[in-house]
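Chains as they are written, first to last, in the working numbering: chain A, 2 to 223; chain B, 291 to 478. For each residue, glycine too, the CB sits at the ideal point set by N, CA and C.
Structure representation (structure tokens):
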């Protein structure tokens, strides 16, 4: 990560660390207004009002971030492999065009960023800290070697992991992990029928006290 | 409080009829719904998850009753209802000033944050909010979304701006923010 990217990440963590536990005030927007604004629904003025509010209200900014994480996982989890494949087949000319356009935009952006020097914000820096599963969702994990892996959230991060069935029956959990992987104890899987899908997510705790919560991931065991 | 899987037949009859005749089925609908609540629910609130699911399930049923022509709620409505119920519970807990169980557990954990670093981050966080209040409104909005983790295209989509404008507002706003923090003697 570049120096400017590191500064941006520190600013983001500091912004998120600011008194999240404060109670909501009388002017806090209802959750559905936050949700709609984040998803670009409702009028422009309404969305601006919500954004203006989260600029000054740490509690509502935290509520907004909850919707961000969940919106990503919703989109990912609702797309079945079959529908994704069908969509790719029917839209491949558009995807090729989009990829070409993205390449052009990226080259232009890199050129512009290099001209601006070290203080330039890195617009996609959020992607570097989002925790991602490193498990192939199509893979079936062996019971005696069910290792869940994820991308690192930052230096000196400590991780907590919770693993449940889709019915939210707890399977296993761990705290204070330094490694970005966790092997589910085989005995925790003893009672589960073959082909069970596990629902797991990771929370990273960074040295400055900020937290990064991953989306929920799925993993199938043999 | 019973979870949605334990609700009485009359309370869920509408959904039940729909589920039996629809392609997804009630069980599948409930599974999706429960998974959504789990995604939104922070770990310190997991002990309340059944209550949140129950409240959200009732709201979903009300929403469906009001929209007779569209009984299949779809993923976006399910997610929205689950989100709203979860945030309502988080706010209720904040109002009661309950200490999250997780904080108690982590106080004794070796991975607990360095208090000095946490205090420093909070001080900078307060400085950021003060500086944001001094920015030109559109730059403030762009920087706020950027600090929340949004990219320039996402910022443009939320604020109805073209990408170029969103990038420009973020760039200028971040420069303003850094100058303001410098003036306060805050070094992120």
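Next item on the list: With a 10 Å radius around its C-beta and 16 neighbouring C-beta atoms as the bar for buried, classify residue 215 (chain A) as buried or exposed.
Entry: The residue labelled residue 215 (chain A) in the question sits at position 214 within the first chain. It counts as buried.
Notebook entry, point to check: Whose C-beta lies closer than 6 Å to the C-beta of residue 155 (chain A) among residues of the same chain, with five residues either side of it excluded?
Noted result: Translated into the one-based positions of the first chain, residue 155 (chain A) becomes position 154. Exclusion of the five residues before and after residue 155 (chain A) leaves 207 as the residues of its chain whose Cβ lies within less than 6 Å of its Cβ.
Margin query: Which residues in chain A have a C-beta closer than 7 Å to the C-beta of residue 370 (chain B)? List them in chain order.
Written below: One-based indexing of the second chain puts residue 370 (chain B) at position 80. When 7 Å is used as the limit between beta carbons, residue 370 (chain B) is near these residues of chain A: 33, 36, in chain order.
Next item on the list: Under 9 Å between beta-carbons, which chain B residues line up against residue 216 (chain A)? List them in chain order, please.
Entry: Within the first chain, numbered from 1, the residue matching residue 216 (chain A) stands at position 215. Those are 329, listed as they occur along chain B.
Notebook entry, point to check: Are the C-beta atoms of residue 496 (chain B) and some chain A residue less than 8 Å apart?
Noted result: Shown here, chain B extends from 291 to 478; a query on residue 496 (chain B) therefore has no answer.
Next item on the list: Can you have a look at residue 146 (chain A) and say buried or exposed, based on whether 16 or more other CB atoms are within 10 angstroms of its CB?
Entry: As a first step, residue 146 (chain A) is located in the first chain; it is residue number 145 there, counting from the start. Residue 146 (chain A) should be labelled exposed.
Check: In whole angstroms, what separates the C-alpha of residue 236 (chain B) from that of residue 221 (chain A)?
Finding: Here chain B comprises residues numbered 291 to 478, so residue 236 (chain B) is not present and cannot be evaluated.
Margin query: Does residue 221 (chain A) come out as helix, strand or coil in the three-state DSSP assignment?
Written below: Within the first chain, numbered from 1, the residue matching residue 221 (chain A) stands at position 220. In the three-state reduction of the DSSP assignment, residue 221 (chain A) falls in the strand class.
Checklist line | Closer than 7 Å at the beta carbon, the chain B residues around residue 173 (chain A) | finding: The residue you call residue 173 (chain A) lines up with position 172 of the first chain. By Cβ distance, chain B contributes nothing, its closest Cβ being about 14 Å from residue 173 (chain A), past 7 Å.
Check: Measuring CA to CA, which of A:13, A:152, A:134, A:176 is closest to residue 200 (chain A)?
Finding: Taking the first residue of the first chain as position 1, residue 200 (chain A) is located at position 199. Residue 200 (chain A) has its Cα closest to that of A:134, out of A:13, A:152, A:134, A:176.
Checklist line | Chain-ordered chain A contacts of residue 374 (chain B) [CB-CB under 8 Å] | finding: The sequence position of residue 374 (chain B) within the second chain is 84, counting from 1. At a C-beta separation below 8 Å, residue 374 (chain B) has these neighbours in chain A: 31, 32, 33, 36.
Checklist line | Where residue 111 (chain A) falls, given that 16 or more other Cβ within 10 Å makes a residue buried | finding: On the first chain, position 110 is the one that residue 111 (chain A) refers to. Caution is warranted here: a pLDDT of 45 is assigned to residue 111 (chain A), below 50, making its placement in the model unreliable, and no coordinate value can be reported.
Next item on the list: Could you check which residue in A:177, A:138, A:60 has the C-alpha nearest to that of residue 27 (chain A)?
Entry: Taking the first chain and counting its residues from 1, the one referred to as residue 27 (chain A) is at position 26. For residue 27 (chain A), the closest of A:177, A:138, A:60 by C-alpha to C-alpha distance is A:60.
Next item on the list: From the DSSP output, read off the bridge partner residues of residue 213 (chain A).
Entry: One-based indexing of the first chain puts residue 213 (chain A) at position 212. Note: residue 213 (chain A) sits in a beta bridge opposite A:205.
Margin query: Judging by CA-CA distance, which residue of B:370, B:455, B:321 is the nearest neighbour of residue 64 (chain A)?
Written below: Residue mapping note: residue 64 (chain A) aligns to position 63 of the first chain, counting from 1. For the options B:370, B:455, B:321, the alpha carbon positioned closest to that of residue 64 (chain A) is the one of B:370.
Checklist line | Residues that residue 353 (chain B) contacts on chain A, provided the C-beta gap is smaller than 7 Å | finding: Within the second chain, numbered from 1, the residue matching residue 353 (chain B) stands at position 63. Ordered by position in chain A, no residue passes the 7 Å Cβ test against residue 353 (chain B), which lies about 11 Å from the chain.
Next item on the list: Can you grab the Cα-Cα spacing for the pair residue 163 (chain A) / residue 173 (chain A), in whole Å?
Entry: By one-based count along the first chain, residue 163 (chain A) stands at place 162. By one-based count along the first chain, residue 173 (chain A) stands at place 172. The alpha-carbon atoms of residue 163 (chain A) and residue 173 (chain A) are separated by roughly 6 Å.
Check: Span of the beta strand (DSSP E) holding residue 174 (chain A)?
Finding: Within the first chain, residue 174 (chain A) is the residue found at index 173, counting from 1. Looking at the DSSP string, the run of the beta strand (DSSP E) that includes residue 174 (chain A) is 171-178.
Margin query: I'd like to know whether the C-beta of residue 337 (chain B) is nearer than 8 Å to at least one C-beta of chain A.
Written below: Translated into the one-based positions of the second chain, residue 337 (chain B) becomes position 47. When Cβ-Cβ separations below 8 Å define contact, residue 337 (chain B) makes no contact with chain A.
Check: How about residue 199 (chain A): is its C-beta nearer than 8 Å to some C-beta of chain B?
Finding: Stepping through the first chain from its first residue, residue 199 (chain A) is reached at position 198. Taking CB atoms only, residue 199 (chain A) has no neighbour in chain B less than 8 Å away.
Note to self: Please confirm whether residue 344 (chain B) has its beta-carbon closer than 8 Å to some beta-carbon of chain D.
What the structure shows: This model lacks chain D altogether; the protein chains it does include are A and B.
Checklist line | Backbone secondary structure at residue 118 (chain A) - three-state DSSP | finding: Against the first chain, residue 118 (chain A) aligns to sequence position 117. Confidence at residue 118 (chain A) is low in this model, with a pLDDT of 39, below 50, so the placement of that residue is unreliable and no value is reported for it.
Note to self: What residue range does the beta strand (DSSP E) around residue 164 (chain A) cover?
What the structure shows: Stepping through the first chain from its first residue, residue 164 (chain A) is reached at position 163. Counting along the chain, residue 164 (chain A) sits inside the beta strand (DSSP E) bounded by residues 159-166.
Margin query: From the DSSP secondary-structure annotation, give me the bridge partner or partners of residue 183 (chain A).
Written below: Counted from its first residue, the first chain places residue 183 (chain A) at position 182. Beta-bridge pairing links residue 183 (chain A) to A:149.
Next item on the list: Taking 8 Å as the threshold, find out whether the region 29-42 of chain A comes into contact with the region 366-386 of chain B through three or more Cβ pairs.
Entry: With the cut-off at 8 Å, the region 29-42 of chain A and the region 366-386 of chain B touch.
Checklist line | residue 455 (chain B) versus B:384, B:441, B:467, residue with shortest Cα-Cα distance | finding: Position 165 of the second chain holds residue 455 (chain B). Measuring C-alpha to C-alpha distances from residue 455 (chain B) to each of B:384, B:441, B:467 identifies B:441 as the nearest.
Margin query: Between which residues of its own chain and residue 478 (chain B) is the CB-CB distance below 6 Å, once the five residues before and five after are set aside?
Written below: Reading the second chain from its first residue, position 188 is the one you call residue 478 (chain B). In its chain, beyond the 5 residues on either side, 414 have a beta carbon closer than 6 Å to the beta carbon of residue 478 (chain B).
Check: If you measure from the beta carbon of residue 247 (chain B) to each beta carbon in chain A, is any gap under 8 Å?
Finding: Past the edges of chain B, shown from 291 to 478, lies residue 247 (chain B), and the structure says nothing about it.
Item checked: Coil, strand or helix - residue 200 (chain A) by DSSP -> Within the first chain, numbered from 1, the residue matching residue 200 (chain A) stands at position 199. Three-state result, residue 200 (chain A): strand.
Next item on the list: Pull up the distance between the alpha-carbon of residue 188 (chain A) and that of residue 144 (chain A), whole angstroms please.
Entry: In the first chain, the residue the question calls residue 188 (chain A) occupies position 187. In the first chain, the residue the question calls residue 144 (chain A) occupies position 143. Using only the alpha carbons, I get a separation of about 9 Å.
Notebook entry, point to check: Which residues in chain B sit within 8 Å of residue 65 (chain A), going by Cβ to Cβ distance?
Noted result: Counting from 1 along the first chain, the entry for residue 65 (chain A) is found at position 64. For a Cβ distance threshold of 8 Å, residue set 438 of chain B lies close to residue 65 (chain A), ordered along the chain.
Check: Is residue 142 (chain A) helix, strand or coil by DSSP?
Finding: Position 141 of the first chain, counting from 1, holds the residue named residue 142 (chain A). DSSP places residue 142 (chain A) in strand when its eight states are reduced to three.
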